[in-house]
Amino acid sequence: MIDLAIYDMDRTVTRRATYTPFLLHCAWRLEPWRLLLLPLVVGSMLAYVAKVIDRGRLKEINHRLLLGHKRSPQLLKPLVDGFARKTVANNVRPGARAAIARDKAQGRRVVMATASYRLYAKAIADALGFDDCIGTNSIIGLDERVHAKIDGENCYGPAKLRMIEAWLAAEKLERAHVRFYSDHASDAPVFEWADEPVAVNPHDKLKRLAAARGWPVEDWG
């Protein structure tokens, strides 16, 4: 039996989202001409808003536009590491650092569970002292290249809970008490599953849900 503290990343641990900034970071350093494709990125976002494509497909399209179809992990590693350093230095909520330190001091296993690509989220999690990172996985082909294709599910909404439960099973862990932090109502399945759900800097829908459920709300700055 183990006590867990599970954290969403974007706008929970971080102040701002990280996915598009990560792709822009890589595009600028690898192939700046890809920034000319930004109108197509905007078009894909509008297609998502119009519900023509889902969030997973949106990620795959933008990955291919800004990062390319196939990339060597060795080529991406310094870009991932640089982006993680930049994020930890400039884009982490003070309250998140305090919560991570508190949960670790209480003996909890501290886990990041994010819809962002694990490709770079794990580097951020490692830098912040997380024990594990669950995120959207990229396909690594037989050519040992990172493909612009999601491996399995996009770690979002109900899929995030399924991926957390699959991680627990793979690690052969049995939950004792689960504390969960997120800013967004899309994480409602994990909130409902957790023993101690905490809404962090919540958007309006989550504020209403937290009030209805009696969940605590915290401002992490």
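Heads up: the sequence shown at position 71 corresponds to 57 in our numbering, and the numbers run straight through without jumps. Even for Gly, the Cβ is constructed at its ideal location relative to N, Cα and C.
{"query": "Who pairs with P183 in a beta bridge, going by DSSP?", "result": "F166"}
{"query": "Please report the residue range of the beta strand (DSSP E) in which H133 lies.", "result": "132 to 137"}
{"query": "Rounded to whole angstroms, what's the CA-CA distance from D118 to V66? Just pull it up for me.", "result": "17 angstroms"}
{"query": "Roughly how far, in whole angstroms, is the beta-carbon of E160 from the beta-carbon of I(-12), given that I think they are within contact range, below 8 angstroms?", "result": "7 angstroms"}
{"query": "When DSSP labels each residue in this structure, what does R194 get in the three-state scheme?", "result": "helix"}
{"query": "Starting from the C-beta of L128, find all residues in its chain whose C-beta is less than 6 angstroms away, skip the five residues before and the five after it, and write them out in chain order.", "result": "Legend: pLDDT at L128 = 47, less than 50; position of this residue unreliable, no value from coordinates given."}
{"query": "Would H49 and A134 qualify as a contact pair, given that the criterion is a beta-carbon distance under 7 angstroms?", "result": "yes"}
{"query": "What span of residues does the alpha helix (DSSP H) with T73 cover, start to end?", "result": "59 to 76"}
{"query": "Ordered along the chain, which non-local residues of its own chain (more than five positions away) have a Cβ less than 7 angstroms from that of V74?", "result": "I110, A113, L114"}
{"query": "Is the distance from the Cβ of D173 to the Cβ of D(-6) below 7 angstroms?", "result": "yes"}
{"query": "Please determine, among V(-1), A197, L53, the residue with the shortest C-alpha to C-alpha distance to S124.", "result": "L53"}
{"query": "What's the gap between the Cα of D169 and the Cα of L22?", "result": "32 angstroms"}
{"query": "Is the distance from the Cβ of V186 to the Cβ of W206 below 7 angstroms?", "result": "yes"}
{"query": "Indicate whether the contact test is met: 3 or more Cβ pairs, each with one atom in the segment 140 to 155 and one in the segment 99 to 109, closer than 8 angstroms.", "result": "yes"}
{"query": "Secondary structure at V28, three-state DSSP: helix, strand or coil?", "result": "helix"}
{"query": "Tell me whether I150 sits in a helix, a strand or coil according to DSSP, three-state version.", "result": "helix"}
{"query": "What separation, rounded to the nearest whole angstrom, lies between the Cα atoms of L24 and W14?", "result": "12 angstroms"}
{"query": "For the beta strand (DSSP E) that I(-12) lies in, which residues bound it at each end?", "result": "-12 to -7"}
{"query": "Take C141 as the anchor and find which of K191, M31, K45 has the nearest alpha-carbon.", "result": "K45"}
{"query": "Taking only three categories from DSSP, how would you classify C119?", "result": "strand"}
{"query": "Could you say which of P64, A171, A33 lies nearest to L192 if we only look at CA atoms?", "result": "A171"}
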